[in-house]
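Here our numbering is used: the first residue of the sequence shown is 68, the next is one more, and so on.
Reviewing the structure listed below.
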Amino acid sequence: MAAATAGRVLLLFRCAISSIIIMHIRPVLAAQAAFSLVANGTPAAGSLADIDHVVLFMQENRAFDHYFGTMAGVRGFSDPNVQVNPGNRSVWQQHVNSTLTNATDQLLPWHLNYLGGDWVDATQCMVAGDNGWNDNHAALNGDLNDKWALNNTPWSWGYFKRADIPVHFAIAEGWTIGDMYQESVIASTNPNRVQWISGSINAPGSPQTPDQGGLTIDNNETPGCEGPNLNCYPLKWKTAPEVYEEAGVSWQVYQDTDNFDDNPLAWFSQFQTASPNSSLGSRGMSYVGLDRFYADAAAGTLPMVSYIIGPAELSEHPPYQPKDGAWLQQQVVNAVVNSPKYNSTALIVSYDETGGFGDHVVPYHSPKGTSGE
Numbered sequence: 068m069a070a071a072t073a074g075r076v077l078l079l080f081r082c083a084i085s086s087i088i089i090m091h092i093r094p095v096l097a098a099q100a101a102f103s104l105v106a107n108g109t110p111a112a113g114s115l116a117d118i119d120h121v122v123l124f125m126q127e128n129r130a131f132d133h134y135f136g137t138m139a140g141v142r143g144f145s146d147p148n149v150q151v152n153p154g155n156r157s158v159w160q161q162h163v164n165s166t167l168t169n170a171t172d173q174l175l176p177w178h179l180n181y182l183g184g185d186w187v188d189a190t191q192c193m194v195a196g197d198n199g200w201n202d203n204h205a206a207l208n209g210d211l212n213d214k215w216a217l218n219n220t221p222w223s224w225g226y227f228k229r230a231d232i233p234v235h236f237a238i239a240e241g242w243t244i245g246d247m248y249q250e251s252v253i254a255s256t257n258p259n260r261v262q263w264i265s266g267s268i269n270a271p272g273s274p275q276t277p278d279q280g281g282l283t284i285d286n287n288e289t290p291g292c293e294g295p296n297l298n299c300y301p302l303k304w305k306t307a308p309e310v311y312e313e314a315g316v317s318w319q320v321y322q323d324t325d326n327f328d329d330n331p332l333a334w335f336s337q338f339q340t341a342s343p344n345s346s347l348g349s350r351g352m353s354y355v356g357l358d359r360f361y362a363d364a365a366a367g368t369l370p371m372v373s374y375i376i377g378p379a380e381l382s383e384h385p386p387y388q389p390k391d392g393a394w395l396q397q398q399v400v401n402a403v404v405n406s407p408k409y410n411s412t413a414l415i416v417s418y419d420e421t422g423g424f425g426d427h428v429v430p431y432h433s434p435k436g437t438s439g440e
């Protein structure tokens with residue numbers, strides 16, 4: 068984990084291991100604005116005991132090396148402990164074959180905008196490979212992690228530099244970036260957001276029972292099961308907000324009517340059937356809007372736990388643009404930093420999964436013999 072100026076914005080993600088008018092801010096000015104917030108913000112709290120408010124903001128479908136591989140001080144392209152596979156090939160050297168090229172037997176990480184010109188805009192809208200369970204596990208290739216080009220796409224091994232995503236770099240360098248945070252499941256959006264909101268996908272060995280739904284490994288939202296105890300929907304186990312309710316911890320989901328179907332509470336039956344006037348309905352399923360978050364932050368009235376669900380166009384999910392997601396990140400950071408409760412607020416920005424982009428760090432595994440592994 069790399070840290071710069073003390074503060075409470077934590078940017079988290081690794082991989083393999085993110086009807087409105089969008090007004091673009093000029094990249095250089097955006098980066099300068101983010102840095103000015105660091106310089107002009109109030110002093111940081113002394114410890115976790117000083118934190119009274121946590122803001123959880125999850126974006127879509129981006130991997131760590133894809134965004135921050137070139138950043139100094141992180142476990143990126145300068146990683147001194149990079150994995151070396153049989154044949155003395157580092158994990159950077161992805162296998163290719165004649166269906167891709169006859170000029171070389173490897174693909175190294177490559178800058179998506181190496182051609183310059185129109186590519187600088189075009190790559191903002193590019194799509195990498197598949198983000199599902201099968202293709203990503205095939206790319207990992209039994210932890211050799213060397214078949215992103217063959218079993219996903221060569222685009223999976225492409226990356227941006229600071230000039231391409233200056234606001235992201237400004238936020239990451241101005242506060243703290245977690246370079247060993249990992250997606251919960253090597254799979255698509257829904258499993259990772261279910262884990263984010265509940266701590267489980269109901270894998271074998273989980274405290275939940277099979278009749279509570281799951282095992283959630285894809286984006287299925289069709290009532291029923293895809294197989295025996297596989298992707299059974301809706302989900303029925305207890306979520307983190309329900310634990311907060313029991314503990315007297317205030318919380319709120321901030322979302323617009325366009326939430327890109329990214330609110331995982333909507334996949335749980337207890338929220339689907341909740342009265343709009345109930346706590347679960349009003350806090351978890353209502354569309355209070357992101358403007359309400361900005362207003363609550365400005366007034367110092369944020370709940371103890373806030374979830375931010377952004378609209379599709381600002382989600383950074385390919386083909387939606389990183390620079391549009393950066394605009395939203397800038398608004399959220401500004402709201403937190405300028406809040407009278409900044410000193411007691413932690414903002415955690417993360418990405419649900421990789422979007423088909425690869426990463427050189429092999430993800431964590433449970434110990435051999437763990438149920439469900």
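Ideal placement from N, C-alpha and C gives every residue a C-beta, glycine not left out.
Does the beta-carbon of residue i have 16 or more other beta-carbons within 10 angstroms, so that it is buried, or is it exposed?
{"i": "S342", "result": "exposed"}
{"i": "S417", "result": "buried"}
{"i": "M90", "result": "Residue confidence is low: M90 scores 24 on pLDDT, short of 50, so the model does not pin down where it sits. No coordinate-derived value is stated."}
{"i": "A97", "result": "Its pLDDT being 35, under 50, A97 is placed unreliably in this model, and the coordinates cannot settle the point."}
{"i": "M125", "result": "buried"}
{"i": "N164", "result": "exposed"}
{"i": "A314", "result": "exposed"}
{"i": "L123", "result": "buried"}
{"i": "D246", "result": "buried"}
{"i": "N218", "result": "buried"}
{"i": "A366", "result": "exposed"}
{"i": "T256", "result": "buried"}
{"i": "N155", "result": "exposed"}
{"i": "S223", "result": "buried"}
{"i": "T220", "result": "buried"}
{"i": "D188", "result": "exposed"}
{"i": "S438", "result": "exposed"}
{"i": "L104", "result": "Confidence at L104 is low in this model, with a pLDDT of 46, below 50, so its placement is unreliable and the value that follows should be read with caution. By the neighbour-count rule (16 or more Cβ atoms within 10 Å), L104 is buried."}
{"i": "D216", "result": "The sequence shown places Ala at residue 216, rather than the Asp named in the question. Burial call: buried."}
{"i": "D185", "result": "exposed"}
{"i": "P385", "result": "buried"}
{"i": "T168", "result": "exposed"}
{"i": "E440", "result": "exposed"}
{"i": "T289", "result": "exposed"}
{"i": "L182", "result": "exposed"}
{"i": "T166", "result": "exposed"}
{"i": "G356", "result": "exposed"}
{"i": "A73", "result": "Any answer about A73 is weak, because its pLDDT of 39 lies below 50 and its placement is not dependable; what the coordinates show is given next. Its Cβ having fewer than 16 others within 10 Å, A73 is exposed."}
{"i": "G113", "result": "exposed"}
{"i": "G272", "result": "exposed"}
{"i": "G436", "result": "exposed"}
{"i": "A70", "result": "Residue confidence is low: A70 scores 48 on pLDDT, short of 50, so the model does not pin down where it sits. Its coordinate-derived value is still stated next. Exposed, by the Cβ-count rule."}
Between residue i and residue j, which are expected to be in contact by the criterion C-beta below 8 Å, what is the C-beta distance as a whole number of angstroms?
{"i": "P277", "j": "N296", "result": "5 Å"}
{"i": "T283", "j": "V261", "result": "5 Å"}
{"i": "I445", "j": "T306", "result": "There is no way to answer for residue 445, as the model of the chain reaches only from 68 to 440."}
{"i": "Y134", "j": "I232", "result": "6 Å"}
{"i": "A205", "j": "G422", "result": "Their Cβ separation, rounded to whole angstroms, is 16 Å, which puts A205 and G422 out of contact at 8 Å."}
{"i": "E383", "j": "S346", "result": "No, E383 and S346 are not in contact; Cβ-Cβ is about 31 Å, not under 8 Å."}
{"i": "A402", "j": "F360", "result": "7 Å"}
With distances taken between CB atoms, is the gap from residue i to residue j smaller than 9 Å?
{"i": "G425", "j": "A130", "result": "yes"}
{"i": "N298", "j": "D285", "result": "yes"}
{"i": "H427", "j": "D146", "result": "yes"}
{"i": "N198", "j": "N128", "result": "yes"}
{"i": "H432", "j": "D119", "result": "no"}
{"i": "W318", "j": "P308", "result": "yes"}
{"i": "C192", "j": "Q388", "result": "yes"}
{"i": "N180", "j": "A230", "result": "yes"}
{"i": "N259", "j": "D213", "result": "no"}
{"i": "D325", "j": "D419", "result": "no"}
{"i": "F227", "j": "H178", "result": "yes"}
{"i": "S373", "j": "D358", "result": "no"}
{"i": "D294", "j": "Y300", "result": "A small correction: the amino acid at residue 294 is Gly; Asp does not occupy that position in the sequence shown. Contact flag unset, no."}
{"i": "L115", "j": "P430", "result": "no"}
{"i": "S336", "j": "K303", "result": "yes"}
{"i": "A170", "j": "N203", "result": "no"}
{"i": "T412", "j": "V121", "result": "yes"}
{"i": "V234", "j": "A393", "result": "yes"}
Who are residue i's beta bridge partners in DSSP?
{"i": "H133", "result": "Partner(s): none; H133 has no beta bridge."}
{"i": "G281", "result": "C299"}
{"i": "Q126", "result": "Y418"}
{"i": "Q319", "result": "S373"}
{"i": "R156", "result": "N152"}
{"i": "Q161", "result": "L174"}
{"i": "V121", "result": "V372 and A413"}
Evaluate contact between the segment 345 to 354 and the segment 241 to 251, counting only Cβ atoms and requiring at least three cross-stretch pairs below 8 Å. no
Examine the Cβ distances between the segment 170 to 182 and the segment 277 to 287 and report whether three or more of them are shorter than 8 Å. no
Is the segment 387 to 398 in contact with the segment 148 to 168, if contact means three or more CB pairs nearer than 8 Å? no
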